[in-house]
Structure formats: structure tokens, C-alpha cells
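Encoded as C-alpha cells, the structure appears first; notes follow it.
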Amino acid sequence: MNLAQLHQFRKVAAEGNWKAIEDLFNQSVQLKQMHIRVDLSQHKRPRVYVDEVMDIHMGGIGTDAVNGAVIALLADLAIGLLGIYHYADGLTATSSLTINYVKPLAATRVIVEAEETEVIGKRIFGIAKIMNEKNDVCSYANGSLAKGITL
């Protein structure tokens with residue numbers, strides 16, 4: 010994503026056009042390549058989906074579980090989406106991310122829900138739950154975003 014696209018995201022988000030920003034994400038090369046989609050219908054509780062777990066998502070210790078790196082990507086994306094609500098103040102960026110792997114994510118579908126827990130100064134804090142199709146929490150992540158970044 011180039012700087013012009015980033016500013017387009019910021020402008021659309023600052024206007025509160027959640028469907029348009031959702032579409033911009035879902036049309037991105039990165040998300041298409043990984044078969045990931047975002048849902049901003051509840052913009053303060055963004056969701057990230059892998060509707061069909063494929064070979065590209067699996068790995069690790071030779072199981073059918075989703076690879077830890079993919080889980081990290083999904084967690085970072087979900088927590089990062091919490092920043093969109095604050096784009097009127099400037100761009101946001103992940104400043105910390107801690108992932109807790111509870112059990113293997115052996116799933117046919119992955120659902121990630123993020124929630125903002127607190128805003129302190131120029132930091133947004135949140136949690137993401139990474140779940141299988143049965144809504145079993147297999148991993149969770151705590152993270153923070155820096156906000157108010159101007160370029």
C-alpha cells in the first residue's frame with residue numbers, strides 16, 4: 010500500500026464510511042492473496058475472517074492446525090482495525106502485540122474479534138480473540154496502537 014492509498018483510507022474512515030473502508034481492505038492484494046476478509050459492520054468491534062482454511066494457512070508442527078504466523082497476522086490486522094475509528098486524529102500503527110496460543114487452531118473457518126479496551130493519550134489498547142468455527146478461543150492477543158501519526 011502506498012502513501013496515497015493510506016491517506017485515502019484515512020479520509021474515508023474519518024468520514025465514518027465504514028462500508029467503503031471495509032471494501033478498500035477486502036479489495037487489497039494482501040487480503041485477497043491470504044483469503045482473508047474484514048467486517049466493519051460493528052466498527053468498534055471489527056472482525057476478521059478466513060472463511061475457508063486452506064493449505065496456505067496451515068503449518069507448524071505437521072498438523073492441520075493454522076500456522077502461528079497466520080494467527081499473528083490475523084491478530085495484528087484485527088487489533089489494527091481498532092485504529093480506524095481514530096483516523097480523524099491521524100494514522101495509527103501497531104506498537105505492541107502479545108499473542109497467547111491456548112490450543113491448536115484446527116479449524117475449517119477462523120473468526121477473529123477485536124475490542125478496544127482503553128485509550129490513554131496517544132495509545133489505543135485492545136484485545137483480539139482468535140476462534141474456530143465453533144467459537145472456541147484458540148488464541149488471544151493483547152496489543153496497542155500509536156495514534157495521531159501524520160506523514
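First residue of the sequence shown: 10, per our numbering; consecutive thereafter.
We put the CB at the ideal spot given by N, CA and C, even for glycine.
From a predicted model like this one, the values you see are computed outputs, not experimental measurements.
| field | Reference I139; option with closest CA among V79, R19, L49 | value | The count along the sequence shown starts at 1 and reaches residue 139 at position 130. Comparing Cα-Cα distances from I139 to each of V79, R19, L49, the minimum goes to V79.
| query | Where does D48 sit, in a helix, a strand or coil, going by DSSP? | reply | Taking the sequence shown and counting its residues from 1, one reaches residue 48 at position 39. If DSSP states are grouped into helix, strand and coil, D48 belongs with the strands.
| task | For E61, name the three-state secondary structure that DSSP assigns. | result | Here residue 61 refers to the residue found at position 52 when the sequence shown is read from its first residue. The answer is coil: DSSP assigns E61 none of H, G, I, E or B.
| task | Closer than 6 Å by C-beta to R56: which residues in its own chain qualify, once you throw out the five before and the five after it? Chain order, please. | result | The residue labelled residue 56 in the question sits at position 47 within the sequence shown. The answer, listed in chain order, is D48, E122.
| field | Stretch-stretch touch, CB-based, cutoff 8 Å, three pairs: the region 59–74 with the region 85–102 | value | no
| request: Answer yes if the region 126–134 comes into contact with the region 36–54, meaning at least three C-beta pairs across the two stretches below 8 Å, and no otherwise. | output: no
| So, is N141 buried or exposed, given that buried needs 16 or more other C-beta atoms within 10 angstroms? | Locating residue 141 in the sequence shown gives position 132, where the first residue counts as 1. N141 is buried by the Cβ-count criterion.
| query | Do L114 and R19 come within 8 Å of each other at the CB atom, strictly closer than that value? | reply | Your numbering for residue 19 matches position 10 in the sequence shown. Your numbering for residue 114 matches position 105 in the sequence shown. No, these two residues do not count as a Cβ contact at 8 Å.
| In three-state terms, what does DSSP make of L90? | The residue given as residue 90 occupies position 81 in the sequence shown. In the structure shown, L90 sits in a helix (DSSP, three-state: H, G or I).
| request: Specify the secondary structure class of A116 as computed by DSSP and reduced to three states. | output: On the sequence shown, position 107 is the one that residue 116 refers to. Coil, per DSSP.
| said: Cutting at 7 Å between CB atoms, please list the residues of its own chain near A155, excluding the five before and the five after it. | reply: As a working mapping, residue 155 is identified with position 146 in the sequence shown. For A155, where only same-chain residues beyond five positions count, the Cβ hits under 7 Å are T101, A102, S104, K131, R132.
| Got a sec, what are the start and stop residues for the beta strand (DSSP E) K138 sits in? | Numbered from its first residue, the sequence shown carries residue 138 at position 129. Residues 132–140.
| Cα-Cα separation, I120 to V59 | Counted from its first residue, the sequence shown places residue 120 at position 111. Counted from its first residue, the sequence shown places residue 59 at position 50. Distance between the alpha carbons of I120 and V59: 7 Å.
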